[in-house]
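Chains A and B, in that order, are what the protein sequence lines are. For the first sequence, the numbering used here begins at 520 and goes up steadily by one. For the second sequence, the numbering used here begins at 520 and goes up steadily by one. Here the structure is laid out as structure tokens; the discussion comes afterwards.
There are 2 protein chains.
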Amino acid sequence: MLDRTDRRILKVLQEDGRITNTDLADRVRLSATATAERMKRLVRDGYIEHFSASLDPKKVDRGLLVFVEIRLERTSPEIFDSFKRAVERAPDILECHMVAGGYDYLMKSRVKDMEAYRTFLSDVVLALPGVRETHTYAVMEEIKDTHILPV
Amino acid sequence: MLDRTDRRILKVLQEDGRITNTDLADRVRLSATATAERMKRLVRDGYIEHFSASLDPKKVDRGLLVFVEIRLERTSPEIFDSFKRAVERAPDILECHMVAGGYDYLMKSRVKDMEAYRTFLSDVVLALPGVRETHTYAVMEEIKDTHILPV
DNA sequence: CGGAATACAGAATATTATCCGGCAAACAGG
DNA sequence: CCTGTTTGCCGGATAATATTCTGTATTCCG
Chain A
520 MLDRTDRRIL KVLQEDGRIT NTDLADRVRL SATATAERMK RLVRDGYIEH
570 FSASLDPKKV DRGLLVFVEI RLERTSPEIF DSFKRAVERA PDILECHMVA
620 GGYDYLMKSR VKDMEAYRTF LSDVVLALPG VRETHTYAVM EEIKDTHILP
670 V
Chain B
520 MLDRTDRRIL KVLQEDGRIT NTDLADRVRL SATATAERMK RLVRDGYIEH
570 FSASLDPKKV DRGLLVFVEI RLERTSPEIF DSFKRAVERA PDILECHMVA
620 GGYDYLMKSR VKDMEAYRTF LSDVVLALPG VRETHTYAVM EEIKDTHILP
670 V
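Written out as structure tokens, the structure reads:
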């Protein structure tokens, strides 16, 4: 279980994953040793999955964000499985979730522009096994985009 | 502009944001000094937006992922603006994007369970200014969830 | 009550980051 | 074709940080 101090550590680390242990210790009012121990435990016990740098999509030529709704055909477990593996291998696909009921997926992708999206759609999405139908939502404005969870 | 070495640094830092500069230098085959300089530049020039720890949603009582489609009423710029601000203040809302044409939004949220979602929907979403209609997609299985951009 | 386990602090040591001086390649202007 | 300037890099020195170790207080059980 997490106590108040653990939660504060998680909060700070979600906001600045590269803070030094010393500074983190100051922020949570604990010795450097105790803070390092807690952080190691939070990683070991799986509360923290990983640390990462977030890039500016525009700066690395991924200025267009799209969501794609995908309907699969009625399909076998093998096709189903190879769909999953293909999704995992495609670096343009950032997220893919099975939603509500049938064989429906919601996919999140970042590409350079509309032209790149057309290529992505035909070469990657429609090449996925079992895809029957897709619907594209292009994002015009990103109001919020984070993955900070309240703790 | 980014050269091959910058891209490798970005790739490594996306995968391990807390790697030591020394180890990073080894991975990209550069001296520690040069590596630190490049990394500082990548932050200063905005390629890297921030560093963060990713938590396991289940471990922090956010086991249910939902997407919500929202249709706003025909509205004034002021309402529109206060909608944005309200979204930013709501910690349960991880993402919110304006999509395709009209007053349509796609929202991503993590909550504890269906009961928490019902509360979230009525207390947070339907309390947002200008909301006319919503449609919920509950996620049954997360196939992929990353924000690593190919560089 | 003990005795074990846990969480913590602070000092000592090991590791890492930063600063500094110098070198070589690329570049621009004459 | 020079030559001064800029840029990127390296390696050593120093400063900052992390880790290890030892000891102590507290809690948790039996």
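For glycine and all other residues, C-beta sits at the position ideal for the given N, C-alpha and C.
- The Cβ atoms of B/P648 and B/S601 lie closer than 7 Å to each other.
- The beta carbon of B/G565 sits closer than 7 Å to some beta carbon of chain A.
- Around the beta carbon of A/L645, fewer than 16 other beta carbons sit within 10 angstroms, so the residue counts as exposed.
- Between B/A619 and the set A/Y656, A/D542, A/V606 and A/R560, the nearest pair of CA atoms involves A/Y656.
- Of all C-beta pairs linking the region 587-597 of chain B to the region 537-555 of chain B, fewer than three are shorter than 8 Å, placing the two stretches out of contact.
- Counting every other CB atom within 10 Å of its CB across the protein chains shown gives A/D632 a total below 16, marking it as exposed.
- Ranked by Cα distance from B/T541, the options B/K530, B/E534 and B/A553 are led by B/A553.
- Using beta-carbon distances, A/R590 does not count as an interface residue toward chain B, since no partner is under 7 Å.
- Closer than 8 Å at the C-beta level to chain B, one finds these residues of the region 524-540 of chain A: L529, L532, Q533, E534, D535, G536 and R537.
- For A/Y656, the enclosing beta strand (DSSP E) stretches over residues V650 to D664.
- Taking a contact to require three or more Cβ pairs closer than 8 Å, the region 603-617 of chain A and the region 565-576 of chain A do not qualify as touching.
- Residue burial is scored here from C-beta neighbours: A/K627 has at least 16 other C-beta atoms within 10 angstroms and is therefore classed as buried.
- In the DSSP secondary-structure assignment, B/K627 is bridged to B/F586 and B/E614.
- Chain-order list of chain B residues neighbouring A/F570: D535, G536, R537, F570, S571, A572 and S573, by C-beta distance under 8 Å.
- In its chain, beyond the 5 residues on either side, V587, E588, I589, R590, L640, V644 and L645 have a beta carbon closer than 8 Å to the beta carbon of A/T653.
- In this structure, B/I662 and A/H616 form a Cβ contact; the two beta carbons are roughly 6 Å apart against a cut-off of 8 Å.
- Residues of the region 627-650 of chain B whose Cβ lies closer than 7 Å to any Cβ of chain A, in chain order: R629.
- Within chain A, I662 have C-beta atoms less than 7 Å from the C-beta of B/K603, given in sequence order.
- In terms of Cα proximity to B/D664, the closest of B/L543, B/D535, B/L584 and B/E634 is B/L584.
- In terms of CA proximity to A/D623, B/V658 leads the group B/A635, B/T594 and B/V658.
- In chain order, I567 place their CB closer than 6 Å to the CB of A/L561, counting only its own chain and leaving out the 5 sequence neighbours on each side.
- For the pair B/I538 and B/L532, the Cα-to-Cα distance works out to about 7 Å.
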